[in-house]
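Trainee: Structure in structure tokens, see below.
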Amino acid sequence: MNYENAIDWIHSREKFKVKPGLKRMDWMMEKLGHPEMNLKAIHIAGTNGKGSTVSFLRNLLQTQGYRIGTFTSPYIVRFNERISINGEPIEDEELAKLVEELKPLSEELARTPLGEPTEFEVITAMAMVYFSRQKLDFVIFETGLGGRYDSTNIIQPLLSVITNIGRDHINILGSTIEQIADEKAGIIKEGRPVLCGAKQPEALQVIKKQASITHAPMALLGKDFFVEHVGSEPAGERFIFRNKAFRSGELLSGLKGKHQVENAALALEVVEYLKAQGTKVDRSKYEESVLQTTWPARFETVRTEPLTIIDGAHNEEGTQALVDTMKRHYRGKKINLVYSALEDKPVESMLMKLSEVIDEAYFTTFDFPRALTAVELKQLSPIPASTAISDYKKAVKKASEQVEKDGVLLITGSLYFISEIRKYFE
């Protein structure tokens, strides 16, 4: 099987269908000889910040000389990114071989009462098999959706991380913060520590209860470990990290936004925990690791003339963080927006937040099942200077032409849209 056929087969699975339960994953792992049991895993859930936290953590551990597997979603440029080692995506032929191995298994599973595995379950199983055959020191798994019934939740991690709780995927996870927190808290395992960056009292109550039921030691950002945001500068965010055993000097994160220093703090606390458990860690390397961390489509500059920033904000909390970061770094600049979003997102409230910093908006669409049309978005827009241009390449061109000398072009609305945009700029 070649790479193209392998990718086509993966995508022909039940793509956006969510089938609750881990029975199909358990069935596949049993048939594959339980590859997930051989991994020293760290599990990361949360509404926003998972990918950035994974990236900070991978860099921190990799700089210490460790070999790190990462499982993330969705991909931004190429599918292979989802399964990476030390930041290098899986090779095409390796991926095709895994599909050859998993395809008959998937077909066999489809003939059982459990039914066919979803696309995400197949990819998760591929990652488990691939990582178990590499000589890895640690593997970091990012949940796809929620936590409790997410296909990654078959692992027995060294520790779990919940980055934050916000309203996203409410049609699946529930509409209240408590319901969403309960789903995320489903990754907490018996006796395994959990680090948490969530702030809302109603979320913390749910997460603490689950930690108590599972006898999982819990460390909270702002109570057991701390981050002090020193200030923003053109290169990023300056901050100081501390816990009960250690206080860093000033660190600089190249990932911009105050929320990113919280993601960095969660990653640093994971490394501090591993150090306390006997993992060899040289703290003097923290500064270099944090500075070198990048993550595509998170307040990423893709062009300097005119200054063009892309960001994958696709829910209210992500959009608020984006608006705060724009205010922090580009206050007083004229900002033009190119925007596309999916129909199941709270678009009106996201645009209301963006209207605080946007001067002109260009609404567009892209080839995706749930994408709103340019006209639908314009009708929802509270921004007076709004234009609808269906072809996103034309929208970017037009918006770019209208950017003032010191102005900024911001492109956001959906990670899937940003994936298309990033390819366009390459």
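Numbered per the UniProt record's numbering, the sequence shown spans residues 1 to 426. Yeah, the Cβ is synthetic: ideal placement off N, Cα and C, and Gly gets one too. All values reported here derive from a predicted model rather than from experimental measurement.
(1) Considering just the uninterrupted stretch of the beta strand (DSSP E) at residue 73, what are its terminal residues?
(2) Let's test the definition: count the other Cβ atoms within 10 Å of the Cβ of residue 2 and tell me whether it reaches 16, buried, or not, exposed.
(3) By a C-beta neighbour count over all protein chains shown, 10 Å radius and 16 as the cutoff for buried, is residue 384 buried or exposed?
(4) Could you name the residues of the same chain whose beta carbon sits closer than 6 Å to that of residue 347, not counting the 5 residues immediately before and after it, in chain order?
(5) Determine whether the beta carbon atoms of residue 399 and residue 338 lie at a separation below 8 Å.
(6) Report yes if the CB atom of residue 140 is closer than 8 Å to the CB atom of residue 44, and no otherwise.
(7) Pull up the distance between the alpha-carbon of residue 54 and that of residue 110, whole angstroms please.
(8) Check this for me: beta carbons of residue 219 and residue 189, under 8 Å apart or not?
(9) Comparing alpha-carbon positions, which option in 101, 425, 288 lies nearest residue 9?
(10) Taking 7 Å as the limit between beta carbons, can you name the residues of its chain near residue 425, skipping five residues before and five after?
(11) Among the candidates 296, 408, 368, whose CA atom is the shortest distance from the CA of residue 332?
(12) Helix, strand or coil: how does DSSP classify residue 160 here?
(13) Nearest to residue 361 by CA position, among 389, 158, 125, 56, is which residue?
(14) Could you give the first and the last residue of the continuous beta strand (DSSP E) run that contains residue 274?
(15) What residue range is occupied by the uninterrupted alpha helix (DSSP H) comprising residue 204?
(16) Pull up the CB-CB distance for residue 86 and residue 64, whole angstroms please, since I reckon it's below 8 Å.
(17) Compute the distance between the beta-carbons of residue 249 and residue 291, then report whether it is under 8 Å.
(18) Do you know offhand how far residue 285's Cα is from residue 236's?
(19) What span of residues does the beta strand (DSSP E) with residue 386 cover, start to end?
(20) Answer yes or no: do residue 366 and residue 417 have a C-beta to C-beta separation smaller than 8 Å?
(21) So, helix, strand or coil for residue 362, using DSSP?
(22) In or out: residue 370 buried (at least 16 other Cβ within 10 Å) or exposed?
(23) If you drop the 5 nearest sequence neighbours on each side, which residues of the same chain put their C-beta closer than 8 Å to that of residue 114?
(24) Go ahead and label residue 234 buried or exposed: buried means 16 or more other beta carbons lie within 10 angstroms of its beta carbon, across all protein chains shown.
(25) Jot down the residue ranges of each uninterrupted beta strand (DSSP E) in the segment 43-107, minimum 3 residues, whole runs only, in chain order.
(26) Going by the beta-carbon positions, is the gap between residue 225 and residue 269 smaller than 8 Å?
(27) Roughly how many angstroms lie between the CA atoms of residue 197 and residue 92, to the nearest whole one?
(28) Could you pull the start and end residues of the alpha helix (DSSP H) that residue 125 belongs to?
(29) Assuming residue 242 and residue 230 are in contact, meaning their beta carbons sit under 8 Å apart, how far apart are those beta carbons, in whole angstroms?
(30) Cα-Cα, which of 405, 214, 421 is closest to residue 427?
(31) Would residue 311 be called buried (16 or more neighbouring beta carbons within 10 Å of its own) or exposed?
(32) Looking at residue 195 and residue 132, is the spacing between their C-beta atoms short of 8 Å?
(33) In chain order, what residues of the same chain lie with their CB nearer than 6 Å to the CB of residue 275, ignoring the 5 residues before and after it?
(34) When we look at the beta-carbon of residue 213 and count the other beta-carbons within 10 Å, is it buried (16 or more) or exposed?
(35) Would you report the Cα separation of residue 357 and residue 335, rounded to the nearest angstrom?
(36) For the alpha helix (DSSP H) containing residue 227, name the first residue and the last one.
Mentor: So, from the data block:
(1) To locate residue 73, count along the sequence shown from 1; it is residue 73. Note, residue 73: premise wrong, no beta strand (DSSP E); not H, not E.
(2) Sequence index remark: in the sequence shown, residue 2 carries index 2 (1-based). Its Cβ having fewer than 16 others within 10 Å, residue 2 is exposed.
(3) Against the sequence shown, residue 384 aligns to sequence position 384. Exposed, by the Cβ-count rule.
(4) In the sequence shown, counting from the first residue as 1, residue 347 sits at position 347. Cβ within range, chain order: 341, 380.
(5) On the sequence shown, residue 399 is found 399 positions in, with the first residue counted as 1. On the sequence shown, residue 338 is found 338 positions in, with the first residue counted as 1. Closer than 8 Å, so yes.
(6) Taking the sequence shown and counting its residues from 1, one reaches residue 140 at position 140. Taking the sequence shown and counting its residues from 1, one reaches residue 44 at position 44. Yes.
(7) Counted from its first residue, the sequence shown places residue 54 at position 54. Counted from its first residue, the sequence shown places residue 110 at position 110. About 33 Å.
(8) To locate residue 219, count along the sequence shown from 1; it is residue 219. To locate residue 189, count along the sequence shown from 1; it is residue 189. No; because the gap between Cβ atoms is not below 8 Å, this pair is not in contact.
(9) Within the sequence shown, numbered from 1, the residue matching residue 9 stands at position 9. Checking every option, the nearest Cα to that of residue 9 belongs to 101.
(10) One-based indexing of the sequence shown puts residue 425 at position 425. Hits under 7 Å: 302, 303.
(11) Numbered from 1 along the sequence shown, position 332 holds the residue referred to as residue 332. When each option's Cα is compared against that of residue 332, the closest is 408.
(12) On the sequence shown, position 160 is the one that residue 160 refers to. If DSSP states are grouped into helix, strand and coil, residue 160 belongs with the strands.
(13) Along the sequence shown, one-based indexing puts residue 361 at 361. Taking only the C-alpha atoms, the option nearest residue 361 is 389.
(14) Translated into the one-based positions of the sequence shown, residue 274 becomes position 274. Note, residue 274: premise wrong, no beta strand (DSSP E); alpha helix (DSSP H) at 258-276.
(15) For the purposes of this step, residue 204 is identified with residue 204 of the sequence shown, where counting begins at 1. That run of the alpha helix (DSSP H) goes 201-213.
(16) By 1-based counting over the sequence shown, the position of residue 86 is 86. By 1-based counting over the sequence shown, the position of residue 64 is 64. At roughly 12 Å, the Cβ-Cβ gap does not stay under 8 Å, so residue 86 and residue 64 are not in contact.
(17) Sequence index remark: in the sequence shown, residue 249 carries index 249 (1-based). Sequence index remark: in the sequence shown, residue 291 carries index 291 (1-based). No, these two residues do not count as a Cβ contact at 8 Å.
(18) Position 285 of the sequence shown, counted from the start, is the residue given in the question as residue 285. Position 236 of the sequence shown, counted from the start, is the residue given in the question as residue 236. When rounded, the distance between both Cα atoms is 18 Å.
(19) In the sequence shown, residue 386 corresponds to position 386, counting from 1. Residue 386 -> beta strand (DSSP E) spans 386-391.
(20) Your numbering for residue 366 matches position 366 in the sequence shown. Your numbering for residue 417 matches position 417 in the sequence shown. Yes.
(21) By one-based count along the sequence shown, residue 362 stands at place 362. Residue state, collapsed to three classes: strand.
(22) If you number the sequence shown from 1, residue 370 lands on position 370. Looking at its Cβ environment, which holds fewer than 16 other Cβ atoms inside 10 Å, residue 370 is exposed.
(23) The count along the sequence shown starts at 1 and reaches residue 114 at position 114. For residue 114, same chain residues with a beta-carbon under 8 Å away, outside a window of 5 residues either side, are 23, 24, 27 in chain order.
(24) The count along the sequence shown starts at 1 and reaches residue 234 at position 234. Exposed, by the Cβ-count rule.
(25) 68-71, 83-85
(26) Walking along the sequence shown from the start, residue 225 turns up at place 225. Walking along the sequence shown from the start, residue 269 turns up at place 269. Going by C-beta atoms, residue 225 is nearer than 8 Å to residue 269.
(27) Residue 197 sits at position 197 when you count from the first residue of the sequence shown. Residue 92 sits at position 92 when you count from the first residue of the sequence shown. If you take the alpha carbons of residue 197 and residue 92, they lie about 36 Å apart.
(28) Your numbering for residue 125 matches position 125 in the sequence shown. Here the alpha helix (DSSP H) through residue 125 covers 119-133.
(29) Counting from one through the sequence shown, the residue named residue 242 turns up at place 242. Counting from one through the sequence shown, the residue named residue 230 turns up at place 230. At roughly 13 Å, the Cβ-Cβ gap does not stay under 8 Å, so residue 242 and residue 230 are not in contact.
(30) The chain is shown from 1 up to 426; residue 427 falls before or after that span and cannot be answered.
(31) As a working mapping, residue 311 is identified with position 311 in the sequence shown. Its Cβ being crowded by 16 or more others within 10 Å, residue 311 is buried.
(32) Your numbering for residue 132 matches position 132 in the sequence shown. Your numbering for residue 195 matches position 195 in the sequence shown. No, Cβ-Cβ distance for residue 132 and residue 195 is not below 8 Å.
(33) One-based indexing of the sequence shown puts residue 275 at position 275. Closer than 6 Å at Cβ, skipping near neighbours: 281.
(34) Working through the sequence shown from its first residue, we reach residue 213 at position 213. So residue 213 counts as exposed.
(35) The residue labelled residue 357 in the question sits at position 357 within the sequence shown. The residue labelled residue 335 in the question sits at position 335 within the sequence shown. The straight-line gap from Cα to Cα measures roughly 7 Å.
(36) Position 227 of the sequence shown, counted from the first residue, corresponds to residue 227. Here residue 227 belongs to no alpha helix (DSSP H); instead the beta strand (DSSP E) covers 225-233.
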